[in-house]
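Line by line, the protein sequences are chains L and V. Per our numbering, numbering of the first sequence is gapless, rising by one per residue and ending at 1215. Per our numbering, numbering of the second sequence is gapless, rising by one per residue and ending at 355. Written below as structure tokens is the structure these notes are about.
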Amino acid sequence: MSEPQAASKKPHLEYENVLSQSSKQVASFDTHDKTPLQKFQHFLHSSPAAVPLIVLLLSLLVFGIVLGGKFFSAFTLTLILQQVAIVGIVGAAQTLVILTAGIDLSVGAIMVLSSVIMGQFTFRYGLPAPVSIVCGLGVGALCGYINGWLVARMKLPPFIVTLGMWQIVLASNFLYSANETIRSQDISAQAPLLQLFGQSIRIGGAVLTYGVIAMVLLVAVLWYVLNRTAWGRHLYAVGDDPDAAELAGVNVKTMLISVYTLSGLICALAGWVLIGRIGSVSPTAGQFANIESITAVVIGGLSLFGGRGSIMGMLFGALIVGVFSLGLRLIGTDPQWTYLLIGVLIISAVAIDQWIRKVAG
Amino acid sequence: MKKTVVSAAIGALALGVAFVSPAAAADVSACLITKTDTNPFFVKMKEGATAKAAELGVTLKSYAGKVDGDSESQVAAIETCIADGAKGILIAASDTKGIVPSVQKARDAGLLVIALDTPLEPISAADMTFATDNLLAGKLIGQWAAATLGDAAKDARVAFLDLTPSQPSVDVMRDQGFMIGFGIDPKDPNKIGDEDDPRIVGHDITNGNEEGGRTAMENLLQKDPTINVVHTINEPAAAGAYEALKAVGREKDVLIVSVDGGCPGVQNVADGVIGATSQQYPLAMAALGVEAIKKFADTGEKPKATDGKDFFDTGVALVTDKPVAGVESIDTKVGKEKCWG
Chain L
855 MSEPQAASKK PHLEYENVLS QSSKQVASFD THDKTPLQKF QHFLHSSPAA
905 VPLIVLLLSL LVFGIVLGGK FFSAFTLTLI LQQVAIVGIV GAAQTLVILT
955 AGIDLSVGAI MVLSSVIMGQ FTFRYGLPAP VSIVCGLGVG ALCGYINGWL
1005 VARMKLPPFI VTLGMWQIVL ASNFLYSANE TIRSQDISAQ APLLQLFGQS
1055 IRIGGAVLTY GVIAMVLLVA VLWYVLNRTA WGRHLYAVGD DPDAAELAGV
1105 NVKTMLISVY TLSGLICALA GWVLIGRIGS VSPTAGQFAN IESITAVVIG
1155 GLSLFGGRGS IMGMLFGALI VGVFSLGLRL IGTDPQWTYL LIGVLIISAV
1205 AIDQWIRKVA G
Chain V
15 MKKTVVSAAI GALALGVAFV SPAAAADVSA CLITKTDTNP FFVKMKEGAT
65 AKAAELGVTL KSYAGKVDGD SESQVAAIET CIADGAKGIL IAASDTKGIV
115 PSVQKARDAG LLVIALDTPL EPISAADMTF ATDNLLAGKL IGQWAAATLG
165 DAAKDARVAF LDLTPSQPSV DVMRDQGFMI GFGIDPKDPN KIGDEDDPRI
215 VGHDITNGNE EGGRTAMENL LQKDPTINVV HTINEPAAAG AYEALKAVGR
265 EKDVLIVSVD GGCPGVQNVA DGVIGATSQQ YPLAMAALGV EAIKKFADTG
315 EKPKATDGKD FFDTGVALVT DKPVAGVESI DTKVGKEKCW G
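Given below as structure tokens:
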């Protein structure tokens, strides 16, 4: 403190005189002058699943008020879970891929092909159902592995790889199955294991199918893996900045291949759950699962640029779509209104995501 | 520079035309455009057309939309057929109104256009329609359901599982035909949803598959859990509806009726999943269509409508193992011999 004073006596150091009038505070972060809105923005930034959760609760509230007990019954609410089980499981696969800043357009096709393989291996070749199921899961994982290999090793854009894979897998599905449906009655007579996920637990009015339980367990396990294991943290790192992750010692290529393979495996699981849901093995099912899963992920607040978002958000996103679909049907509106509102939700979700990101900027 | 490119293109086009024309004259070629390549109904249709074309020496090219409702692929297919110099087009249109300008283009270019299975709107937009009488198909299952219920029909709770939100004509006719057969006033028979009969619980869409059928049935059961009659647009939707009913333990006391007559569907009638279904005959539709194009190419004669109808009726039969008085039907054994898919 005394030095500038002393220095001022020497004319060639006079410019230091101004220092005595300047701020003496040490540099620090601004923390106190935040408006409530900014605090809210910061909260949303730190908990990415909050926005979809709020929207979900609001939509439940609104439909509950409009429709009353018809909507707010254990049966209806669990019915929504049943209706979103497939999208939820496929959405989990989609979440993993989108967190790496990729996208998977082939999820629905892999799901259907896997279900067809489980059915046809049992009924066409007479294999025991467990063997067919393992084969179906294996084919799903293989499709995913090919996606991952092309993305990681050949450096092809994920959009292009999975766009191609979507067509290839879907066409293989139709060629192999000859568009034949395997009837529900035949399956329950000869291979009931295929319909495992259609069975249910009833608690009062609530009906929880094994498919719903599988979805909830899967999302819970993936949430733990993504947040509490090295593999999960590496996945976020790769999605956020692959170069930085590489420099930090993450094997980005192996990581990507493992993510796509797991995604394929989860889609195959969805195929098994699908058989439980619709009873039969139908090659025409699940045509829009890729779009529906991306919708769930986006409404769930995950960033398509990778590395940001929570798998819980995806689940809430899928549930929001389910609540809107059933709620609007119960009110009795034209089905087109559902699509219109989902469109609005998608755009709003991304707009909110952009606004939240400003907190970091 | 631009001019050279254009004239080169015209030159190439002219050459192309010069090459194509004699080939087309020597050989009759026809196009088959279906809604999808995936529905067994259209697979069978393609089979029938291919077999007949081979028999008559007609070159047949097949096109299909990617999914039911994909009209753009069908428009592109029509344009390809015109450019290809085909003599005629057989089309099962996804968008019955929207496809009309493209069909007109084809007819202006001298092609015979036959609508298969699904009439265009207006029906006169095609030279002729080879189809199932979908109104009659609906009427038959409606009459059967009413006769099976007997006196209980006047207190019935009816759910309608329709096809898509755009209300294609086949959807409307089966839906409204069922109402007429069942004894419900359909009001405007060209529109679903304007009826006020209290027995109607509601309409929902299924996209004609198991998944949609199950979800739609669940939704309508939420609206009214006492539903006891279900009209379904086709048998996959019916199978899905049955799964939804089974999940709530109501599969035994609900009457499901359907339209199509596919082999899994007829098997479901035999197993008691579906009460009755109206069977249609896609193979005959397509084969007759190819014959008509061959005849048109050879003699210039266009096909004529069935007496008293504005289309060529390819027939429909009610398949059930529980026949009722006053409604003609065939049993599932006969139905299986004639089934498709």
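We put the beta carbon where it would ideally sit given N, CA and C, even for glycine.
Val-1104 (chain L) - containing beta strand (DSSP E), residue span
Start at 1 with the first residue of the first sequence, and residue 1104 (chain L) comes out as number 250. Neither: Val-1104 (chain L) is in no beta strand (DSSP E) and is coded neither H nor E.
Spatial distance of Tyr-1030 (chain L) from Trp-1126 (chain L) (CA atoms)
Taking the first residue of the first sequence as position 1, residue 1030 (chain L) is located at position 176. Taking the first residue of the first sequence as position 1, residue 1126 (chain L) is located at position 272. Computed Cα separation, rounded: 18 Å.
Could you check what DSSP says for Thr-954 (chain L) in three-state terms: helix, strand or coil?
Here residue 954 (chain L) is taken as the residue at index 100 of the first sequence, counted from 1. Thr-954 (chain L) falls in the coil class under three-state DSSP.
On the CB-based measure, 16 or more other CB atoms within 10 Å of its CB, does Val-1075 (chain L) come out buried or exposed?
Here residue 1075 (chain L) refers to the residue found at position 221 when the first sequence is read from its first residue. So Val-1075 (chain L) counts as exposed.
Do you know whose CA, among L:Gly-918, L:Ile-943, L:Leu-950 and L:Ala-881, lies nearest Gly-1140 (chain L)'s CA?
Start at 1 with the first residue of the first sequence, and residue 1140 (chain L) comes out as number 286. Each of L:Gly-918, L:Ile-943, L:Leu-950 and L:Ala-881 was checked against the Cα of Gly-1140 (chain L), and the nearest Cα belongs to L:Ile-943.
Skipping 5 residues on each side, what residues in its chain have a beta carbon closer than 7 Å to that of Trp-1191 (chain L)?
Within the first sequence, residue 1191 (chain L) is the residue found at index 337, counting from 1. Sequence-distant Cβ neighbours of Trp-1191 (chain L) in its own chain, meaning closer than 7 Å and more than five residues away, are Leu-1182.
Per DSSP, which one or two residues make a beta bridge with Gln-294 (chain V)?
Numbered from 1 along the second sequence, position 280 holds the residue referred to as residue 294 (chain V). The bridge partners DSSP lists for Gln-294 (chain V) are V:Val-330.
Quick one: is Arg-228 (chain V) buried, meaning 16 or more other Cβ sit within 10 Å of its Cβ, or exposed?
Indexing the second sequence from 1 puts residue 228 (chain V) at position 214. By the neighbour-count rule (16 or more Cβ atoms within 10 Å), Arg-228 (chain V) is buried.
Val-816 (chain L): which of L:Val-1070, L:Ala-1091 and L:Ala-1099 sits nearest, CA to CA?
Any question about residue 816 (chain L) goes unanswered here, given that chain L covers just 855 to 1215.
Cβ of Asp-131 (chain V) less than 7 Å from any chain L Cβ?
As a first step, residue 131 (chain V) must be located in the second sequence, where it is residue number 117. No, Asp-131 (chain V) does not count as interfacial toward chain L.
Per DSSP, the bridge partner or partners of Lys-75 (chain V):
Here residue 75 (chain V) is taken as the residue at index 61 of the second sequence, counted from 1. Residue pairing for Lys-75 (chain V): DSSP places it in a beta bridge opposite V:Cys-45.
C-alpha gap between Ala-173 (chain V) and Asp-345 (chain V), whole angstroms
Here residue 173 (chain V) refers to the residue found at position 159 when the second sequence is read from its first residue. Here residue 345 (chain V) refers to the residue found at position 331 when the second sequence is read from its first residue. Whole-angstrom Cα-Cα distance: 25 Å.
Any contact of the region 98 to 117 of chain V with the region 308 to 326 of chain V, i.e. 3+ C-beta pairs under 8 Å?
Taking one beta carbon from each stretch, the region 98 to 117 of chain V and the region 308 to 326 of chain V have 3 or more pairs nearer than 8 Å; the two touch.
Starting from Arg-1183 (chain L) and walking both ways along the beta strand (DSSP E), at which residues does that stretch end?
The residue labelled residue 1183 (chain L) in the question sits at position 329 within the first sequence. Per DSSP, Arg-1183 (chain L) belongs to no beta strand (DSSP E); it is in the alpha helix (DSSP H), 1165 to 1185.
Consider the Cβ of Thr-954 (chain L): report whether some Cβ of chain V lies at a distance smaller than 7 Å.
Locating residue 954 (chain L) in the first sequence gives position 100, counting from the first residue. With 7 Å as the cut-off, Thr-954 (chain L) does not count as an interface residue toward chain V.
Where Val-244 (chain V) falls: helix, strand or coil (DSSP)
To locate residue 244 (chain V), count along the second sequence from 1; it is residue 230. Correct three-state label for Val-244 (chain V): strand.
Listed by chain order, chain L residues near Glu-209 (chain V) by CB distance under 8 Å
By one-based count along the second sequence, residue 209 (chain V) stands at place 195. Here the premise fails: no neighbours, minimum Cβ distance about 13 Å.
Would you identify the three-state DSSP class for Phe-196 (chain V), choosing helix, strand or coil?
Locating residue 196 (chain V) in the second sequence gives position 182, counting from the first residue. Helix at Phe-196 (chain V).
Roughly how many angstroms separate the alpha carbons of Pro-36 (chain V) and Val-1023 (chain L), rounded to a whole number?
Counted from its first residue, the second sequence places residue 36 (chain V) at position 22. Counted from its first residue, the first sequence places residue 1023 (chain L) at position 169. Caution is warranted here: a pLDDT of 39 is assigned to Pro-36 (chain V), below 50, making its placement in the model unreliable, and the coordinate value is therefore given only provisionally. Here the C-alpha atom of Pro-36 (chain V) lies approximately 40 Å from the C-alpha atom of Val-1023 (chain L).
Inter-residue spacing [alpha-carbon to alpha-carbon] between Lys-350 (chain V) and Val-283 (chain V):
Residue mapping note: residue 350 (chain V) aligns to position 336 of the second sequence, counting from 1. Residue mapping note: residue 283 (chain V) aligns to position 269 of the second sequence, counting from 1. Cα to Cα, Lys-350 (chain V) sits roughly 10 Å from Val-283 (chain V).
Kindly list, in the order they appear in chain L, the residues whose Cβ is closer than 7 Å to that of Val-215 (chain V).
Here residue 215 (chain V) refers to the residue found at position 201 when the second sequence is read from its first residue. Simply none; closest approach about 11 Å.
The ligand ZN heavy atom lying under 6 Å from the CB of Val-333 (chain V):
This structure does not include the ligand ZN; it has no bound ligands of any sort.
Among the candidates V:Lys-111, V:Asp-51, V:Leu-134 and V:Ala-252, whose CA atom is the shortest distance from the CA of Arg-1037 (chain L)?
Position 183 of the first sequence, counted from the start, is the residue given in the question as residue 1037 (chain L). For Arg-1037 (chain L), the nearest C-alpha among the options comes from V:Ala-252.
Are the C-beta of Asn-204 (chain V) and some C-beta of chain L separated by less than 7 Å?
Residue 204 (chain V) sits at position 190 when you count from the first residue of the second sequence. Not an interface residue.
The region 233 to 255 of chain V: positions lying closer than 7 Å to chain L by Cβ:
Those would be Asn-233, Gln-236, Lys-237, Pro-250, Ala-253 and Gly-254, in chain order.
Whole angstroms are fine: how far does the CA of Pro-203 (chain V) sit from the CA of Ile-1055 (chain L)?
For the purposes of this step, residue 1055 (chain L) is taken as the residue at position 201 of the first sequence. For the purposes of this step, residue 203 (chain V) is taken as the residue at position 189 of the second sequence. Roughly 44 Å separates the two Cα atoms.
Using a beta-carbon distance below 7 Å, is Ile-1132 (chain L) in contact with chain V?
Counting from 1 along the first sequence, the entry for residue 1132 (chain L) is found at position 278. Chain V, which has a Cβ nearer than 7 Å to the Cβ of Ile-1132 (chain L), makes this yes.
My output table needs one value for Ser-108 (chain V): the three-state DSSP class, helix, strand or coil.
Within the second sequence, numbered from 1, the residue matching residue 108 (chain V) stands at position 94. Ser-108 (chain V) falls in the coil class under three-state DSSP.
On the three-state DSSP scale, how would you describe Ser-272 (chain V)?
As a working note, residue 272 (chain V) is residue 258 in the second sequence. Strand at Ser-272 (chain V).
Can you tell me whether DSSP reads Ala-1205 (chain L) as helix, strand or coil?
Numbered from its first residue, the first sequence carries residue 1205 (chain L) at position 351. Residue state, collapsed to three classes: helix.
With distance defined between alpha-carbon atoms, name the residue in V:Ser-43, V:Val-89, V:Ile-137 and V:Met-59 nearest to Ala-319 (chain V).
Residue mapping note: residue 319 (chain V) aligns to position 305 of the second sequence, counting from 1. Ranking V:Ser-43, V:Val-89, V:Ile-137 and V:Met-59 by Cα distance to Ala-319 (chain V) puts V:Ile-137 first.
Can you tell me where the alpha helix (DSSP H) with Ile-1145 (chain L) in it begins and where it stops?
Along the first sequence, one-based indexing puts residue 1145 (chain L) at 291. Looking at the DSSP string, the run of the alpha helix (DSSP H) that includes Ile-1145 (chain L) is 1143 to 1153.
Is the beta carbon of Met-299 (chain V) less than 7 Å from the beta carbon of Leu-74 (chain V)?
Translated into the one-based positions of the second sequence, residue 299 (chain V) becomes position 285. Translated into the one-based positions of the second sequence, residue 74 (chain V) becomes position 60. Annotated as distal: Met-299 (chain V) and Leu-74 (chain V), with beta-carbon spacing of 7 Å or more.
In chain L, which residues lie less than 7 Å from Gln-281 (chain V) when you measure between Cβ atoms?
Here the question's residue 281 (chain V) lines up with position 267 in the second sequence. Those are Arg-1037, listed as they occur along chain L.
Is the CB of Asp-176 (chain V) under 7 Å away from at least one CB in chain L?
If you number the second sequence from 1, residue 176 (chain V) lands on position 162. Not a single C-beta of chain L is nearer than 7 Å to the C-beta of Asp-176 (chain V).
C-beta neighbour in chain V for Arg-978 (chain L), strict 7 Å:
Taking the first residue of the first sequence as 1, we reach residue 978 (chain L) at position 124. Not closer than 7 Å to any Cβ of chain V, the Cβ of Arg-978 (chain L) fails to qualify, so no.
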